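Below is one structure, written out as structure tokens, with a few remarks after it.
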Amino acid sequence: MASAAASRGYPTAGADRRRCLAVSGARRNARQQYLRDRLRSPRQRRTSLSGPGTAPLTVCCRTTDLLSRKPVDALRAGRGGPRRSSRRATAGCVSAQHLQHTAGHGQLRSGRAAQRDDLPLDARPQRAEPCHPIAPKTPLYINSKDRNFMGNSTPHTLHSDAVCIGFGPAGIALACAFADAREANDPLGTLFVRYLEAAQDSQWHRELLLAGTDINHHVFRDLVTPRNPRSRFSFAMYLKEHGRMFDFGLLGRPASRHEWSDYLAWVAAQVDSQTCFNTLVTGIDPVLRHGRLHELRVCTPDTSFTTRNVVLSSGSAPRIPHAFESLIGPTLFHTSQFLSRLQAFGEQLPKRWLVLGSGQSASESVLELVSRDAGIEVHSVHRSAGFKLTQLGQFPNRVFAPDHVDYFHSLDPAARQRFLDWSRSTNYAGIDPDESQKLFSLIYEDSIAGRKRLQTYAYSVISAIEPVAEGYRVELTDTFSQRTQVLEVDAVVLGTGYQQYLIPPLLSGLQPWLQADVDGGLLIDRDYQVATQGECDVNIWVNGLSERSHGISDSQSFSLMALRAERIATALQQAVAPAAEPLLAQWK
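Be aware that the sequence shown starts at -19, since it is given in this note's numbering, and climbs by one per residue.
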């Protein structure tokens, strides 16, 4: 017996058996390391999903470490980290004429680094997951839990460390913070965050990208510079990449709105983020376990995402006065729809317009309308004396400095409201000097030519409005004399600004677990985290939706966007891995 075993190469003694097991373990580890080395490159690979009785499935995957289930970017940067129990989605795109997936049979294989059947089970690739349809050039997410994912109308569920709702400037700034951390070999970079964006891309101010408009903040207040001046996502790096560094220095004016929008799109394309465009979030539902709020389900029409950490970066909502809510349509709209509505008119552009508002969007709408057609006349209605300049002084604009946020957050709610009322002129209801000059010159030149393309109505409010056959009949009331007058116009533009809700609509289903302040709004700490109550295991941050708690700089301003992203990213990392030491930026 012993000789037969020895002739077959089997160990005949305990020491020999232990030695053989050690060799087998070393070989298995070597095979696993081989797979890691082969899969370390992040370039696109062709893989196939096949099994007995299964039609071939071709999957184009962004390579993932199939052993530890971490993105290979983290391995390449030397950040292995502990293995997590949650299954991570494999990014890729599915293309197949016939797609069937029989439970228990599919096996994912790499085309160039094909896996042999004799590999250990824990070293073999995992089953592919069904994809989520999103915009081109955006990673698709595959989930193994949904076996029959084609032809099944039930949305499948994906899990992430965190979900960021919105990939506008605030969401992009957050993604930059994580990308910089990955490049600095910071543990912060190991978090897996999904970004869900309702729009088709990250274009900024798409409805007011008008000729001759520019930004009203310094270019140093970009997505990253206040946080990390050495980041490759800065506006300076954008200029260098496009060969415009020296010419921009000679320009002598702020960046145009078109250029700033292009900068944001450039960063969105450069940053390594898991972003789903054309993905409208319809709700956030609580997921209970044993009576506790265990996690959140972020719902879209096609997919749901589960997570314990949500960052709300959806932006402020257009402010629509109550009198106009039922009339919103093709000929009465907010400036947030300005260019789309004008383009819909085609060559049938209305001639008589009313523009309500005294801020920047209202003034730009007036100038754009009168430039479109010489026969257009615009009625500009103001509660105040008319268009007024924004605060440009150095001292008033210190409200956008970080120390003022600390000061504002320390105030009681009544004092905060008084502070906001005083500081609104630095960011709201004001226009730039060059726009004021253009508007007044327009009225003056028309008085010489004997025409009135622009008429202003000061100290006036719209006391009544009703649709008529060819537009709207509008009644104006002077706020001091109480005299009224009636205008008939073809179309109305609401330059009435934006607002932040006390409770964002997406969080309305979570109110039993949300703490409220004295005004009934969210209670938000200095790190932008929403205070919760009761048996709750989830975390929520607001990114650009905390003007009432953090001041004017937390509205639609770039001033502190980069620093806010740093605070949220650090707090998020601590929530996911609380045992880690508090993160400090590598550049400090």
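Quick reminder that beta carbons are idealized off the backbone N, C-alpha and C, glycines included. Since this is a predicted model, take the numbers as computed values, not measurements.
Confirm the yes/no value for this check: CB of residue i, any heavy atom of the ligand FAD, distance under 7 Å.
i	result
R299	Annotation note on the ligand FAD: not contained in the displayed structure, which lists no ligands.
In three-state terms, what does DSSP make of residue i?
i	result
V556	helix
A142	strand
I308	coil
S529	helix
V573	It is not possible to answer for residue 573, since the shown part of the chain is limited to -19 through 568.
S(-17)	Note that S(-17) scores 44 on pLDDT, short of 50, meaning its location in the model is unreliable; the coordinates nonetheless yield the value given after this. S(-17) falls in the helix class under three-state DSSP.
Y243	helix
T70	The predicted position of T70 is uncertain, since its pLDDT is 35 and thus under 50; no value can be drawn from it.
L219	helix
Q578	Nothing can be reported for residue 578, as the shown portion of the chain is limited to -19 through 568.
L55	Note that L55 scores 34 on pLDDT, short of 50, meaning its location in the model is unreliable; the coordinates nonetheless yield the value given after this. It is helical.
N289	strand
F313	strand
N519	strand
Q513	coil
A365	coil
W184	coil
Less than 8 Å between the C-beta atoms of residue i and residue j, yes or no?
i	j	result
Q254	R174	yes
F367	S343	yes
E468	V448	yes
E187	S294	no
D252	A159	yes
K475	G337	Contrary to the premise, residue 475 reads as Gly rather than Lys in this sequence. For G475 and G337, yes; Cβs fall inside 8 Å.
H314	A438	no
R433	V350	yes
V290	A161	no
G410	T464	no
R207	A157	yes
Whole angstroms are fine: how far does the CA of residue j sit from the CA of residue i?
i	j	result
I504	S296	16 Å
R415	F200	Arg is not the amino acid found at residue 415; the sequence shown has Glu there. Between E415 and F200, the C-alpha separation is close to 23 Å.
R588	N165	Within the shown structure, residues of the chain are numbered from -19 to 568, placing residue 588 beyond reach of any answer.
L372	D383	19 Å
G229	D426	36 Å
A545	A150	7 Å
L347	H136	48 Å
R18	L168	Low confidence applies to R18: its pLDDT is 47, below 50, so where it sits in the model is not reliable, and the reading given next is rough at best. Between R18 and L168, the C-alpha separation is close to 26 Å.
V358	A549	46 Å
L322	T287	41 Å
E177	L276	18 Å
A216	M225	7 Å
S390	E327	54 Å
G131	G355	Note that G131 scores a pLDDT of 33, beneath 50, so its modelled location is shaky and nothing firm can be said.
R547	D458	47 Å
P492	L552	22 Å
H222	R212	13 Å
F147	A429	48 Å
A555	R352	53 Å
T280	L490	17 Å
M541	W184	15 Å
Q417	I423	10 Å
Q435	L154	44 Å
Y218	L244	9 Å
K331	D470	7 Å
I445	L307	9 Å
Just confirm the distance between the C-beta atoms of residue i and residue j, as a whole number of angstroms; I'd bet it's less than 8 Å.
i	j	result
F285	D181	Actually they do not touch by this definition, with Cβ atoms about 20 Å apart.
L502	V518	That pair is no contact at about 14 Å.
V472	S345	Contact doesn't hold; Cβ gap of about 11 Å is too wide.
S360	V335	5 Å
L570	C516	In the structure displayed, the chain extends from -19 to 568; residue 570 sits before or after that span and is not available.
I152	V247	6 Å
P537	F380	A small fix is needed here, since residue 537 is Ser in this sequence, not Pro. Indeed, because the Cβ distance is near 6 Å, the residues count as touching under 8 Å.
L580	I532	The displayed coordinates of the chain run from -19 to 568. Any statement about residue 580 would go beyond what the structure contains.
Give a yes or no on whether the minimum CB-CB distance between residue i and chain C is below 8 Å.
i	result
Y481	Protein chain content of the structure displayed is limited to a single chain, and chain C is not contained in it.
- Query: Does the pairing of the stretch 448 to 456 with the stretch 371 to 379 give three or more beta-carbon distances under 8 Å?
  - Reply: They do not touch, by the three-pair rule.
- Message: Would the stretch 522 to 534 count as touching the stretch 184 to 198 if we require 3 or more Cβ pairs under 8 Å?
- Response: With a cut-off of 8 Å on Cβ pairs, the stretch 522 to 534 is not in contact with the stretch 184 to 198, counting fewer than three such pairs.
- Message: Pairs of beta-carbons, one from the stretch 473 to 484 and one from the stretch 256 to 271, closer than 8 Å: are there three or more?
- Response: Note that the stretch 473 to 484 does not touch the stretch 256 to 271; fewer than 3 beta-carbon pairs, one per stretch, sit closer than 8 Å.
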